[in-house]
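Participant:
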Amino acid sequence: MPPQRSTVRVRVHPLGDVAVLAVLGTRLDTALNTRAIALAAALKKRRDVRQAVAGHASVMVQFDPDQITHEALAAAIKRLATKRPPMDEPGRLHRIPVVYDGPDLDAVAAQLGLSAQQVIEIHGRPIYRAFLVGFVPGWAYLGPLPDELALPRRPAPRTQVPAGSVAIAGHQTGVYPLASPGGWHLIGRTSVRLFLPDSDPPSLFRSGDRVKFFSVRD
Amino acid sequence: MNDVLRVVQPGLLTTIQDIGRPHSVASGVPPGGAMDRFAHTAANLIVGNDRGAATLECTLTGPHLIAESACLLAITGADFEPRVNGVAAPTWTGIFLSRGDHLTFGGRRNGARAYVAVAGGIAGERWLGSMSTNLMCARGGMHGRALVAGDMISTGEPSGPAVEGQTVADRLRPRYADGTLHVIAGPHFSRLDGESRQALFGGPFTLSHDSNRMGYRLEGPRLDAPGDELLSFGLVAGAVQVPAGGQPILLMADHQTAGGYPVVVVLATASMPVAAQLAPGDEIRFAETSIETALELRAAQREALTLVTS
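Sequence order for the protein chains is A and B.
Its first residue numbered 1, the first sequence is counted upward by one per residue in the numbering used here.
Its first residue numbered 1001, the second sequence is counted upward by one per residue in the numbering used here.
Okay, here's the thing in structure tokens:
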């Protein structure tokens, strides 16, 4: 196949004096995420790049300013980003058992005009993609969540969400790996451990993995 | 491994820190490491260690330690009035302890974090390539926790001869008391309207008591950075986020690795040591700077570290 130029427009913003944020787009989109992951992988191979971390549709790049300037790095990023991304290899599939008895389940159902049972069925229907592993160790932003379940975050975050809580917000879902503050709606819980401190990487989910939830009794 | 220091009292929060685990950021683990890299590096160089060796990071108060064996150490960063057997000891300077000597600290004269390096480098548990203590994950350093009374601190073998009296000249040390942080416009700076920009650079902001190694909550003028909700992206230490409430958060060494709040400015690398020495209640101001100036300040700081001399 002949090399194909893409129309993706990349904006490269300074993120301090030794990092930049390359933004590929603003939509929650599997193709954009695949590009971001490929771009991060390509950048990591460069000697003047110290770190490259893919976001949903962006790449954060830390670089060595003794080896390359902001401008030259931005140009290199734009060049790399217009290359045709590799085929999106399907990531590993995780099947996660969930006890759907979260403290927000009924309120979520009421807000959406659904029954709790419908919320459970809709949440368990898709195979989600892990767009980004980050925020706290073991957390992955999973999506896209079906439109029927999209809700803004809770107005006031909880100061403590138990580890294993299965949550939704916007067009995303996720599992809290550690007890932490959190503003998402808690609809269930799982006994699967997502933060694996004695493994490297210490996270069950990796960017690009696929996740399917299924309902179990307690 | 040599047992060198026994902990009589740990101080408020004393942890083992090196230069962190930047390679684990992609799996959601904070980079961690010493908050004040200048003081941490200087302490190591003064006692003849590699720059990346582990040190003790002592927060707001110092520990009480007893030397189990003779050792060369250096105390840099914040000045908590260090004393050896009750006699004032110099900071930023290599000092010998003999077996049985007591290292104690008095009150806080300035800064928030003092660093204690020992020749040979402090030994700690390694997690994901670093000995840095991560309290949230309970990994690294001293069993993943802060020091407690009774802990024994060990070191590796010193790599060279111990030389007392090496120092970093006063003029080369960061101006901790300054309170001015140099910042570069971030990816979402354009979301701030004129009034919010004035507020950001007018300040002052005060570090809230809800501030720690993960980040500082800043109290002061409210900032508005309206716009569409952002998809989460990778973050760096030094980023200043503006959540919906309008009170900015400055991310520090144990920061969350990704987030979706607008980042309006990012600290110059050279201002990170100054930020690391802020305590709750301290006032700060942000001064806008260019990337070029920030890199010059960074180069000057690195140059200062080549001038550790006896």
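Even glycine gets a Cβ: it sits at the ideal position worked out from N, Cα and C.
Between residue 1291(B) and chain A, is there a C-beta pair that is closer than 7 Å?
Facilitator: Indexing the second sequence from 1 puts residue 1291(B) at position 291. By this cut-off, residue 1291(B) is an interface position.
Participant: Do residue 156(A) and the ligand FMN come close, with the Cβ less than 6 Å from some heavy atom?
Facilitator: Summarising the ligand content, the structure contains no ligands, and the ligand FMN is consequently not present.
Participant: From residue 1232(B) to residue 199(A), what distance separates their C-alpha atoms?
Facilitator: Along the second sequence, read from residue 1 onward, the residue named residue 1232(B) stands at position 232. Along the first sequence, read from residue 1 onward, the residue named residue 199(A) stands at position 199. Distance between the alpha carbons of residue 1232(B) and residue 199(A): 25 Å.
Participant: By how many angstroms is the C-alpha of residue 35(A) removed from the C-alpha of residue 5(A)?
Facilitator: Position 5 of the first sequence, counted from the start, is the residue given in the question as residue 5(A). Position 35 of the first sequence, counted from the start, is the residue given in the question as residue 35(A). Caution is warranted here: a pLDDT of 47 is assigned to residue 5(A), below 50, making its placement in the model unreliable, and no coordinate value can be reported.
Participant: Spell out whether any CB of chain A is found under 7 Å from the CB atom of residue 1236(B).
Facilitator: On the second sequence, residue 1236(B) is found 236 positions in, with the first residue counted as 1. With 7 Å as the cut-off, residue 1236(B) counts as an interface residue toward chain A.
Participant: Whose Cβ in chain B lies nearer than 7 Å to the Cβ of residue 17(A)?
Facilitator: Here the question's residue 17(A) lines up with position 17 in the first sequence. Simply 1184, 1268, 1269, 1291, 1294, 1295 and 1298.
Participant: Comparing the C-beta of residue 116(A) with each C-beta of chain B, is any distance below 7 Å?
Facilitator: Against the first sequence, residue 116(A) aligns to sequence position 116. Chain B contact via Cβ: absent.
Participant: With 7 Å as the C-beta to C-beta threshold (strictly closer), list the residues of the segment 78-89 of chain A near chain B in chain order.
Facilitator: Within the segment 78-89 of chain A, no residue has a Cβ that lies closer than 7 Å to any Cβ of chain B.
Participant: Nearest by alpha-carbon distance to residue 1039(B): which of 1031(B), 1264(B), 1072(B) and 1017(B) is it?
Facilitator: Translated into the one-based positions of the second sequence, residue 1039(B) becomes position 39. The option with the nearest alpha carbon to residue 1039(B) is 1017(B).
Participant: When you compare the CB of residue 1139(B) with every CB in chain A, is at least one pair closer than 7 Å?
Facilitator: Position 139 of the second sequence holds residue 1139(B). Chain A contact via Cβ: present.
Participant: Please name the residue in 1022(B), 1155(B) and 1112(B) whose C-alpha comes closest to that of residue 1130(B).
Facilitator: Taking the first residue of the second sequence as 1, we reach residue 1130(B) at position 130. Checking every option, the nearest Cα to that of residue 1130(B) belongs to 1022(B).
Participant: Of the residues 195(A), 90(A) and 174(A), which one's Cα is nearest the Cα of residue 1139(B)?
Facilitator: Walking along the second sequence from the start, residue 1139(B) turns up at place 139. Per the Cα distances, 195(A).
Participant: Just list the residues that DSSP pairs residue 128(A) with in beta bridges.
Facilitator: Along the first sequence, read from residue 1 onward, the residue named residue 128(A) stands at position 128. Its beta-bridge partners are 211(A).
Participant: Could you work out which residue in 1238(B), 1213(B), 1048(B) and 1176(B) is closest to residue 1032(B) when comparing CA atoms only?
Facilitator: The residue you call residue 1032(B) lines up with position 32 of the second sequence. For residue 1032(B), the nearest C-alpha among the options comes from 1213(B).
Participant: For residue 189(A) and residue 102(A), which I take to be in contact (beta-carbon distance under 8 Å), what is that distance rounded to the nearest angstrom?
Facilitator: One-based indexing of the first sequence puts residue 189(A) at position 189. One-based indexing of the first sequence puts residue 102(A) at position 102. Rounded, the Cβ-Cβ distance is 7 Å, consistent with contact.
Participant: Under a Cβ-count criterion, where at least 16 other Cβ atoms within 10 Å of its own Cβ denotes burial, should residue 191(A) be classed as buried or exposed?
Facilitator: Mapped onto the first sequence, residue 191(A) falls at position 191. Answer is exposed; the Cβ neighbour count stays below 16.
Participant: Along the chain, which unbroken stretches of the beta strand (DSSP E) at least 3 residues long are found entirely within the segment 5-61 of chain A?
Facilitator: Listed in chain order, the complete beta strand (DSSP E) runs (minimum 3 residues) inside the segment 5-61 of chain A are 11-14, 19-23 and 49-54.
Participant: From the DSSP secondary-structure annotation, give me the bridge partner or partners of residue 1003(B).
Facilitator: Your numbering for residue 1003(B) matches position 3 in the second sequence. Residue 1003(B) pairs with 1154(B).
Participant: Starting from residue 55(A), find everything on chain B with Cβ-Cβ shorter than 8 Å and list it in chain order.
Facilitator: Position 55 of the first sequence, counted from the start, is the residue given in the question as residue 55(A). Near residue 55(A) (Cβ distances below 8 Å), the residues of chain B are 1231, 1232, 1233, 1234 and 1258.
Participant: Just reading off the alpha helix (DSSP H) that residue 1200(B) is part of, what are its end residues?
Facilitator: The count along the second sequence starts at 1 and reaches residue 1200(B) at position 200. Run containing residue 1200(B): 1194-1202, per the alpha helix (DSSP H) assignment.
Participant: From which residue to which residue does the alpha helix (DSSP H) around residue 1044(B) run?
Facilitator: Residue mapping note: residue 1044(B) aligns to position 44 of the second sequence, counting from 1. Per DSSP, residue 1044(B) belongs to the alpha helix (DSSP H) from 1037-1046.
Participant: Counting Cβ pairs, one atom from each stretch, are 3 or more of them under 8 Å apart for the segment 115-127 of chain A and the segment 204-213 of chain A?
Facilitator: Enough Cβ pairs lie closer than 8 Å, so yes.
Participant: If you drop the 5 nearest sequence neighbours on each side, which residues of the same chain put their C-beta closer than 6 Å to that of residue 1097(B)?
Facilitator: The residue you call residue 1097(B) lines up with position 97 of the second sequence. Cβ within range, chain order: 1067 and 1071.
Participant: I'd like the list of long-range same chain contacts for residue 3(A), defined as Cβ closer than 6 Å, with 5 residues on each side in sequence excluded.
Facilitator: Translated into positions along the first sequence, residue 3(A) becomes position 3. Only weak support is given to the placement of residue 3(A): the predicted model assigns it a pLDDT of 43, under 50, and the question is left unresolved by the model.
Participant: In the structure shown, what three-state DSSP assignment does residue 1176(B) receive?
Facilitator: Reading the second sequence from its first residue, position 176 is the one you call residue 1176(B). In this structure, residue 1176(B) counts as helix in the three-state DSSP scheme.
Participant: Answer with yes or no whether the minimum CB distance from residue 184(A) to chain B is below 7 Å.
Facilitator: Position 184 of the first sequence, counting from 1, holds the residue named residue 184(A). Chain B contact via Cβ: absent.
Participant: Inspect the CB distances between the segment 1262-1277 of chain B and the segment 1236-1250 of chain B and report whether three or more fall short of 8 Å.
Facilitator: Cβ pair count under 8 Å is three or more, so yes.
Participant: Which runs of the alpha helix (DSSP H) at least 4 residues long sit entirely within the segment 1015-1086 of chain B? Give them in chain order.
Facilitator: The qualifying runs are 1037-1046.
Participant: Using a Cβ-Cβ cut-off of less than 8 Å, give me the residues of the segment 60-80 of chain A that come near chain B, in sequence order.
Facilitator: The residues in question are 60, 62, 65 and 70.
Participant: Mind checking residue 1159(B): buried by the 16 CB within 10 Å criterion, or exposed?
Facilitator: For this step, residue 1159(B) is matched to residue 159 along the second sequence. The residue is exposed, with fewer than 16 neighbouring Cβ atoms inside 10 Å.
Participant: Compare the beta carbon distance of residue 1285(B) and residue 1246(B) with 7 Å and say whether it is the shorter of the two.
Facilitator: As a working note, residue 1285(B) is residue 285 in the second sequence. As a working note, residue 1246(B) is residue 246 in the second sequence. Not a contact, by the Cβ cut-off of 7 Å.
Participant: Label residue 89(A) either buried or exposed according to how many other C-beta atoms from any shown protein chain fall within 10 Å of its C-beta, with 16 as the threshold for buried.
Facilitator: Counting from one through the first sequence, the residue named residue 89(A) turns up at place 89. Answer is exposed; the Cβ neighbour count stays below 16.
Participant: Counting only the same chain and skipping the five closest in sequence on each side, list residues whose C-beta sits under 7 Å from that of residue 1255(B).
Facilitator: Counting from one through the second sequence, the residue named residue 1255(B) turns up at place 255. Only 1030, 1214, 1215, 1235 and 1237 meet the Cβ criterion.
Participant: Rounded to whole angstroms, what's the CA-CA distance from residue 206(A) to residue 140(A)? Just pull it up for me.
Facilitator: On the first sequence, residue 206(A) is found 206 positions in, with the first residue counted as 1. On the first sequence, residue 140(A) is found 140 positions in, with the first residue counted as 1. Residue 206(A) and residue 140(A): Cα-Cα distance of roughly 8 Å.
Participant: With 9 Å as the C-beta to C-beta threshold (strictly closer), list the residues of the segment 1013-1037 of chain B near chain A in chain order.
Facilitator: For the segment 1013-1037 of chain B, which is checked against every Cβ of chain A, the residues closer than 9 Å are 1022, 1023, 1024, 1025, 1026, 1027, 1028, 1029, 1030 and 1031.
Participant: For residue 21(A), tell me which candidate among 60(A), 29(A) and 56(A) has the shortest Cα-Cα distance.
Facilitator: Stepping through the first sequence from its first residue, residue 21(A) is reached at position 21. If we check each option's Cα against that of residue 21(A), 60(A) comes out closest.
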